[in-house]
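**Q**
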Amino acid sequence: MAHTDFNMDNQWLPFTPNRTFKQDPRVFVGAEGMHFTTHDGKKVIDGISSLWCVGAGHNRRPINEAIKKQLDTLDYATAFQASNDKAFKAAQMIADMAPGDLNKVLFCNSGSEAADTALKVALAYHRARGEGHRNVFIGREKGYHGVNFGGMSVGGLPANRKVYGAQLLPRVDHMRFIHDPVNHAYIHHEEPVWAEDPLLELENRILVLHDPSNIAAVIVEPIAGSAGWYIPPKGYVKRLREICDKHGILLIFDEVITGFGRLGVNFGADFYGVVPDMLNFAKAVTNGVIPLGGVICRDFIYDAMMNANSPQHAIEFFHGYTYSGHPVACAAAIATLDLMKEENLFARAGQKGRVLGDALHNTMKGLPNVVGIRTLGLAGAVELASIPGSPGKRAYDIFMDCFHHGVWVRPAGENIVICPPYIVEDAHIDQIAQTVADSIRRHA
Ligand SMILES: Cc1ncc(COP(=O)(O)O)c(C=O)c1O
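Put into structure tokens, the structure is as follows:
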């Protein structure tokens with residue numbers, strides 16, 4: 074198939090430079106296991122699990138079969154004032170996998186919706202307890218919580234925010250970023266030990282400025298994924314939990330990327346041994362095959378909302394989506410989680426993560442323009458020196474070049490991010506690392 078065989082005039086592509094896309098389009102028409110097939114018949118290795126989604130690899134029969142079966146049984150049913158058997162089952166499986174008393178699952182359809190859902194739960198929860206004045210949210214610089222107004226407001230990626238500034242949520246502050254490019258540019262599967270405590274800023278400036286009694290929630294990604302795989306210093310996540318506990322502030326983990334196996338365990342919460350009050354998920358829960366997201370809440374949040382002083386027939390939380398708990402998406406989630414368990418894929422992600430970490434550090438440390446490499450779990454980022462006056466161009470050029478050499482990676486600012494499916498083999502890791510390394514050399 075030539076790309077002249079299809080009309081590219083009508084789709085406005087998301088997070089893509091549309092003006093140049095058509096000059097050199099990337100069009101996928103098939104996928105199997107670790108690989109895509111392009112419109113002109115080339116095989117391209119999926120080095121980013123199709124944006125952190127496809128943990129179990131592409132075109133997995135058990136997931137496809139479960140979806141087909143569900144379509145023939147219950148295609149869709151309204152989500153309000155009713156539910157379906159698959160939504161109950163998926164919620165139970167997810168709650169069973171989540172740590173502590175994270176037991177109540179509110180379904181939505183994406184990570185962006187999960188972010189806004191969690192922020193709304195936080196406000197509603199505090200109000201139900203008579204603390205409606207708690208309405209300040211704290212995010213973190215370079216955080217990513219999707220593109221809806223709530224998530225964008227607590228998010229901290231400047232390019233995603235700058236056009237929408239006037240309409241971002243008003244009572245939001247941001248903690249400082251968690252990267253030390255001088256002492257910890259290279260992180261090889263360890264938690265960096267910082268001499269200073271970055272959370273002193275939260276305690277001594279941000280909480281003081283707003284007064285802790287006004288703060289509804291802190292939201293963070295355990296590891297900053299979309300910004301380019303930035304790993305917090307040792308002890309950071311635990312201390313964040315302690316600070317939130319001390320002041321009655323809800324702690325939300327956005328685990329849209331770190332959830333469901335990327336770190337070799339169920340969630341980032343397990344990796345860090347910290348139970349948040351809410352945990353957002355999406356992407357890998359269905360292997361990316363059907364959109365599904367959600368927020369897992371601790372029991373006390375649900376209980377407070379149920380005990381609100383309202384009549385029994387009244388809805389307790391005025392929120393939800395037409396497709397919350399969609400039976401086909403939930404059937405996909407059930408099949409995905411069963412498959413991940415059956416093939417022990419989370420543990421495999423942990424093991425292959427070590428191989429990936431070694432490969433990225435061994436092949437790329439010391440190459441021209443490489444200024445940092447960070448690996449943990451089955452993911453890594455190679456940071457490149459910015460071209461003066463052209464931020465992001467080097468990573469973009471290398472991404473395009475890698476595509477032409479059969480490897481799909483992700484440019485994120487000045488980073489090349491690599492996060493393959495959990496089924497990845499050592500030979501794939503070698504191919505990805507060598508291809509990126511060669512491309513970095515070509516662009517020196
Ligand atoms: C941490 C995090 N939160 C939210 C989102 C947004 O998810 P979606 O694109 O499904 O809305 C993403 C997407 O990458 C993410 O990484």
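The numbering used here puts the first residue of the sequence shown at 74, with every later residue one more than the last.
For every residue, glycine included, the Cβ atom is placed at its ideal position computed from N, Cα and C.
Within this structure, are the beta carbons of Gly426 and Leu451 separated by less than 8 angstroms?
**A** Counting from 1 along the sequence shown, the entry for residue 426 is found at position 353. Counting from 1 along the sequence shown, the entry for residue 451 is found at position 378. Cβ distance < 8 angstroms, so Gly426 and Leu451 count as in contact.
**Q** Applying the 10 Å Cβ sphere with the 16-neighbour rule, what's the burial state of Val178?
**A** Against the sequence shown, residue 178 aligns to sequence position 105. Buried, because 16 or more other Cβ atoms sit within 10 Å of the Cβ of Val178.
**Q** Where does Pro484 sit, in a helix, a strand or coil, going by DSSP?
**A** If you number the sequence shown from 1, residue 484 lands on position 411. Reduced to three states, the DSSP call for Pro484 is strand.
**Q** Going by alpha carbons, who is nearest to Ile121 out of Arg515, Ile496 and Asp511?
**A** Looking up residue 121 in the sequence shown gives position 48. Comparing Cα positions, the closest option is Ile496.
**Q** Check whether the Cβ of Ile330 sits closer than 7 angstroms to any heavy atom of ligand 1, and report yes or no.
**A** As a first step, residue 330 is located in the sequence shown; it is residue number 257 there, counting from the start. Indeed, a heavy atom of ligand 1 lies less than 7 angstroms from the Cβ.
**Q** Spatial neighbours of Lys438 within its chain, please: CB distance less than 8 angstroms, with the 5 preceding and 5 following residues excluded, ordered by chain position.
**A** Reading the sequence shown from its first residue, position 365 is the one you call residue 438. Counting only Cβ-Cβ distances below 8 angstroms, and skipping sequence neighbours, we find Tyr259 and Ile446.
**Q** Look up His434 in the DSSP assignment and give the residues it is bridged to.
**A** Position 361 of the sequence shown, counted from the first residue, corresponds to residue 434. According to DSSP, His434 bridges with nothing at all.
**Q** Is the beta carbon of Gly423 within less than 7 angstroms of some heavy atom of ligand 1?
**A** The count along the sequence shown starts at 1 and reaches residue 423 at position 350. No, the beta carbon of Gly423 sits no closer than 7 angstroms to any heavy atom of ligand 1.
**Q** Which whole runs of the alpha helix (DSSP H) in the segment 365-402 are 4 residues long or more, in chain order?
**A** Entirely contained in the segment 365-402, the alpha helix (DSSP H) runs reaching 4 residues are, in chain order, 372-379.
**Q** Going by the CB atoms, is the gap between Arg483 and Gly173 shorter than 8 angstroms?
**A** As a working mapping, residue 173 is identified with position 100 in the sequence shown. As a working mapping, residue 483 is identified with position 410 in the sequence shown. Contact flag unset, no.
**Q** To the nearest angstrom, how far is it from the Cα of Lys235 to the Cα of Lys215?
**A** As a working mapping, residue 235 is identified with position 162 in the sequence shown. As a working mapping, residue 215 is identified with position 142 in the sequence shown. Answer to the nearest angstrom: the Cα atoms are 13 angstroms apart.
**Q** Return the CA-CA distance between Leu196 and Val428, expressed in angstroms with no decimal places.
**A** Residue mapping note: residue 196 aligns to position 123 of the sequence shown, counting from 1. Residue mapping note: residue 428 aligns to position 355 of the sequence shown, counting from 1. The straight-line gap from Cα to Cα measures roughly 43 angstroms.
**Q** Short of 6 angstroms in beta carbon distance, which residues of its chain neighbour His112, apart from the five on each side in sequence? Order them along the chain.
**A** Position 39 of the sequence shown, counted from the start, is the residue given in the question as residue 112. Result list for His112: Met74, His76, Val100 and Val102, in chain order.
**Q** Does any heavy atom of ligand 1 sit closer than 7 angstroms to the C-beta of His247?
**A** In the sequence shown, residue 247 corresponds to position 174, counting from 1. No, the beta carbon of His247 sits no closer than 7 angstroms to any heavy atom of ligand 1.
**Q** Tell me whether the beta-carbon of Gly228 lies closer than 8 angstroms to the beta-carbon of Asp189.
**A** Sequence index remark: in the sequence shown, residue 228 carries index 155 (1-based). Sequence index remark: in the sequence shown, residue 189 carries index 116 (1-based). No, these two residues do not count as a Cβ contact at 8 angstroms.
**Q** With DSSP as the reference, please indicate the residues paired to Asp246 in a beta bridge.
**A** To locate residue 246, count along the sequence shown from 1; it is residue 173. BP columns for Asp246 point to Ile211.
**Q** According to DSSP, is Asp411 helix, strand or coil?
**A** Taking the first residue of the sequence shown as 1, we reach residue 411 at position 338. The answer is helix: DSSP assigns Asp411 an H, G or I state.
**Q** Does DSSP put Tyr303 in a helix, a strand or coil?
**A** In the sequence shown, residue 303 corresponds to position 230, counting from 1. Three-state DSSP puts Tyr303 in a strand.
**Q** What residue range is occupied by the uninterrupted alpha helix (DSSP H) comprising Ala232?
**A** The sequence position of residue 232 within the sequence shown is 159, counting from 1. Taken as a continuous stretch (DSSP letters only), the alpha helix (DSSP H) holding Ala232 covers Pro231 to Arg234.
**Q** Do you know how far the Cα of Thr508 is from the Cα of Asp350?
**A** Here the question's residue 350 lines up with position 277 in the sequence shown. Here the question's residue 508 lines up with position 435 in the sequence shown. Between Asp350 and Thr508, the C-alpha separation is close to 41 angstroms.
**Q** How would you label Ala129, buried or exposed, when you count the other beta carbons within 10 angstroms and need 16 or more for buried?
**A** Residue mapping note: residue 129 aligns to position 56 of the sequence shown, counting from 1. Label assigned to Ala129: buried.
**Q** So what does DSSP say about Leu192, is it helix, strand or coil?
**A** Taking the sequence shown and counting its residues from 1, one reaches residue 192 at position 119. Helix.
**Q** Going by DSSP, name the residue or residues bridged to Ala104.
**A** What you label residue 104 is simply residue 31 of the sequence shown in a count that begins at 1. Partner(s): Phe109.
**Q** Is His218 a contact residue of ligand 1, with contact defined as CB to any heavy atom under 7 angstroms?
**A** Numbered from its first residue, the sequence shown carries residue 218 at position 145. Flag set: Cβ of His218 near ligand 1.
**Q** Mind checking Ile502: buried by the 16 CB within 10 Å criterion, or exposed?
**A** In the sequence shown, counting from the first residue as 1, residue 502 sits at position 429. Buried: at least 16 other Cβ atoms inside 10 Å.
**Q** So does Gly361 have its beta carbon nearer than 7 angstroms to some heavy atom of ligand 1?
**A** Taking the sequence shown and counting its residues from 1, the one referred to as residue 361 is at position 288. No; taking the cut-off as 7 angstroms, the Cβ of Gly361 has no heavy atom of ligand 1 nearer than that.
**Q** Could you check what DSSP says for Thr448 in three-state terms: helix, strand or coil?
**A** Translated into the one-based positions of the sequence shown, residue 448 becomes position 375. Thr448 falls in the strand class under three-state DSSP.
**Q** If you count every other CB in all the chains shown that lies within 10 Å of the CB of Pro87, and 16 or more means buried, which is it?
**A** Position 14 of the sequence shown holds residue 87. Exposed: under 16 other Cβ atoms inside 10 Å.
**Q** My assumption, with CB atoms under 8 angstroms, is that Val117 sits in contact with Asn360. Please give the rounded CB distance.
**A** The residue labelled residue 117 in the question sits at position 44 within the sequence shown. The residue labelled residue 360 in the question sits at position 287 within the sequence shown. Wrong, their Cβ atoms sit about 19 angstroms apart, outside the cutoff.
**Q** Would you check whether ligand 1 has a heavy atom nearer than 7 angstroms to the C-beta of Ala452?
**A** Your numbering for residue 452 matches position 379 in the sequence shown. For ligand 1, not one heavy atom lies less than 7 angstroms from the Cβ of Ala452.
**Q** Could you tell me which residues DSSP pairs with Lys177 in its beta bridges?
**A** By one-based count along the sequence shown, residue 177 stands at place 104. Cys370, per the DSSP bridge assignment.
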